[in-house]
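Residue numbers (the working numbering): 78 to 434. Ideal Cβ positions, reconstructed from N, Cα and C, are used throughout, including at glycine. As structure tokens, the structure follows; a few thoughts come after it.
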């Protein structure tokens with residue numbers, strides 16, 4: 078009982094529409110708030126069959142209560158307005174004013190729907206379906222996800238023919254349940270996309286990560302980093318507790334491969350306890366990219382989920398320093414400093430090795 082046809086109003090169809098004090102971007106229609114009257118005339122939808130009963134028209138509308146929204150529609154088997162001019166040639170001509178088009182449309186329109194995101198075009202019959210959106214107001218209004226479904230009502234068509242004759246109330250009543258059913262069926266058909274890491278909403282990615290036993294809450298990862306991490310969680314779980322797992326995570330999160338040093342591998346005479354730790358379970362990751370303290374703690378929480386239980390993990394930022402050319406020597410007690418710029422507030426003073434140029 079799914080829809081037989083689905084007309085989507087995306088870029089190709091929107092480019093052919095006539096906009097009056099309105100524009101579109103990313104398949105979303107927006108209005109010019111400096112004007113009160115706005116209109117959008119779409120190119121005729123062609124069913125290919127005469128006497129086609131048109132179905133359900135739906136869209137997503139974001140507007141304030143001060144904006145009035147109307148959907149005008151009519152259908153006909155004849156695409157010609159007169160002997161020389163088609164309906165499309167007239168309504169899609171931007172040189173003709175909105176007032177003239179609206180007046181011509183009102184003479185032939187079959188239905189007018191007021192302030193609705195979802196409507197079934199009862200008694201709108203014909204091969205070509207013409208739709209005109211009228212928007213009145215000066216507040217912002219955005220329209221997206223515009224679609225037309227055929228047929229609009231699945232349930233009524235399954236009844237015996239004797240019940241379908243002269244029974245408008247039953248048809249309208251069953252259309253409510255038909256719309257709910259079809260929306261639910263559409264969600265079920267889209268389930269594979271919801272489970273695909275590349276197409277799933279970002280809100281579901283932490284859920285997928287939790288299925289693999291990893292907590293990524295905190296919004297410290299970009300969408301691209303999060304999708305890449307979730308894709309690699311299966312292989313990362315197989316590498317848990319290894320150096321390779323930490324390196325792979327840092328490559329995803331920090332875009333660099335860290336230098337990993339284990340205290341157990343250091344010579345006690347050469348190791349600095351303040352840097353490399355005191356116990357054989359201490360592990361240090363040296364990275365070049367500076368990480369703010371709040372993000373550093375979140376990354377540490379993520380990394381600790383991939384190290385052995387008793388391991389102590391730490392991240393140290395390697396600040397970039399100056400370097401000398403070959404055959405260059407420093408005298409005793411000489412030091413090199415990076416050039417840095419700074420600003421001073423009132424009543425502050427300079428101490429140490431600071432030079433203002």
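Simplified DSSP assignment, three categories, for residue i
i: residue 227; result: strand
i: residue 273; result: coil
i: residue 315; result: helix
i: residue 294; result: coil
i: residue 320; result: helix
i: residue 362; result: strand
i: residue 250; result: helix
i: residue 260; result: helix
i: residue 338; result: strand
i: residue 245; result: helix
i: residue 145; result: strand
i: residue 79; result: Reliability fails at residue 79, whose pLDDT of 45 lies under 50, so the model's placement of it is uncertain and no value is given.
Bridge-paired residues (DSSP) for residue i
i: residue 218; result: 140
i: residue 130; result: 202
i: residue 114; result: 213
i: residue 155; result: Paired residue(s): none; residue 155 is not in a bridge.
i: residue 183; result: Answer is none; residue 183 lacks a bridge partner.
i: residue 97; result: 116
i: residue 188; result: 150
i: residue 123; result: 205
i: residue 84; result: 225
i: residue 135; result: 195 and 224
i: residue 107; result: 100 and 219
i: residue 405; result: Its beta-bridge partners do not exist; DSSP assigns none.
Residues of its chain near residue i, where Cβ-Cβ distance is below 8 Å and the 5 sequence neighbours each way are ignored
i: residue 329; result: 302, 305, 306 and 309
i: residue 89; result: none
Where residue i falls, given that 16 or more other Cβ within 10 Å makes a residue buried
i: residue 139; result: exposed
i: residue 354; result: buried
i: residue 91; result: buried
i: residue 79; result: At residue 79 the pLDDT is 45, less than 50, meaning the model places this residue with poor confidence and gives no usable figure here.
i: residue 259; result: buried
i: residue 209; result: buried
i: residue 125; result: exposed
i: residue 278; result: exposed
i: residue 411; result: exposed
i: residue 335; result: buried
Close Cβ partners of residue i (< 6 Å) along its chain, the five nearest in sequence each way excluded
i: residue 86; result: 223
i: residue 360; result: 339, 388 and 390
i: residue 96; result: 117
Residue-chain proximity (residue i, chain D), Cβ-Cβ < 7 Å
i: residue 163; result: Here there is only one protein chain, and chain D is not present.
Which listed residue (the options) has its alpha carbon closest to that of residue i
i: residue 196; options: 375, 256, 207 and 129; result: 256
i: residue 179; options: 298, 354, 370 and 212; result: 212
i: residue 248; options: 283, 173 and 132; result: 132
i: residue 263; options: 239, 238, 226 and 167; result: 226
i: residue 380; options: 204, 203 and 318; result: 318
i: residue 272; options: 408, 288, 259 and 260; result: 288
i: residue 128; options: 204, 208 and 117; result: 204
i: residue 373; options: 200, 392 and 184; result: 392
i: residue 280; options: 295, 267 and 290; result: 295
i: residue 438; options: 386, 343, 102 and 401; result: Here the chain comprises residues numbered 78 to 434, so residue 438 is not present and cannot be evaluated.
i: residue 26; options: 410, 343, 266 and 299; result: No answer is possible for residue 26: the residues shown for the chain start at 78 and end at 434.
Nonlocal neighbours in the same chain, by C-beta distance under 7 Å from residue i, ignoring five residues either side
i: residue 194; result: 135, 136, 137 and 138
i: residue 158; result: 164 and 167
i: residue 185; result: 151
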